[in-house]
Amino acid sequence: MSDLSQAVHVLEDLLSGKTDFNGFKAGELAIIDHRIATAAPAVQPFLYVARDSLAAGASTLVGAGESALGPIINASSDTQATMLANVMSAAGIPTAGPLSVAEHAALVSLINGFKAFLDKRHIEIVAPPAVQRAAPQAA
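Residue numbering for the sequence shown follows the numbering used here, beginning at 769 and increasing consecutively.
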């Protein structure tokens, strides 16, 4: 099984409630550890530092999210699920049953599109507007 397939299965287990965040994190870290083991020995220590930082950051983020955003997300989860189901239907992706490889790829593209949209909106909301400066005039 490829690393991508493993990562998808671990994520599907999390989303379907078959595992919790700690199980998800352990599965993803196992994949990362496997990839680090294939890297050149000289760079492995640096990769492990990055891996540990990623793991710590993910745990901190989830902890903060559960305490601060959990109630908000829980209150709107039905609305979000309906919205996702509607978009999936509009894109021709089944909302139940096992997905074909093509349907799964379409779902991943859809989710990545949502993520890109949210990232763009985040930048628009938090970033100060760019300062417009006139181009210097030639003398």
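The beta-carbon is built from N, C-alpha and C at its ideal position, and this holds for glycine as well.
The model shown is predicted, which means the values in this text are computed figures rather than measured ones.
Exercise. Taking Cβ to Cβ, would you say alanine 849 is nearer than 8 Å to isoleucine 861?
Worked result: no
For this session: Can you have a look at glutamate 796 and say buried or exposed, based on whether 16 or more other CB atoms are within 10 angstroms of its CB?
Result: buried
Exercise. Which of the three DSSP states, helix, strand or coil, is assigned to aspartate 788?
Worked result: coil
Exercise. Could you check where the alpha helix (DSSP H) with leucine 878 kicks off and where it finishes?
Worked result: 869 to 894
Problem set entry | Spatial distance of arginine 803 from serine 877 (CA atoms) | 24 Å
Problem set entry | Cβ neighbour criterion (16 or more within 10 Å) applied to valine 894 | exposed
Exercise. Helix, strand or coil: how does DSSP classify glycine 865 here?
Worked result: coil
For this session: Buried or exposed for phenylalanine 885, please, with buried defined as at least 16 other CB atoms from any protein chain shown within 10 angstroms of its CB.
Result: exposed
For this session: Look at the alpha carbon of phenylalanine 792 and the alpha carbon of glutamine 812, and state the distance between them as a whole number of angstroms.
Result: 23 Å
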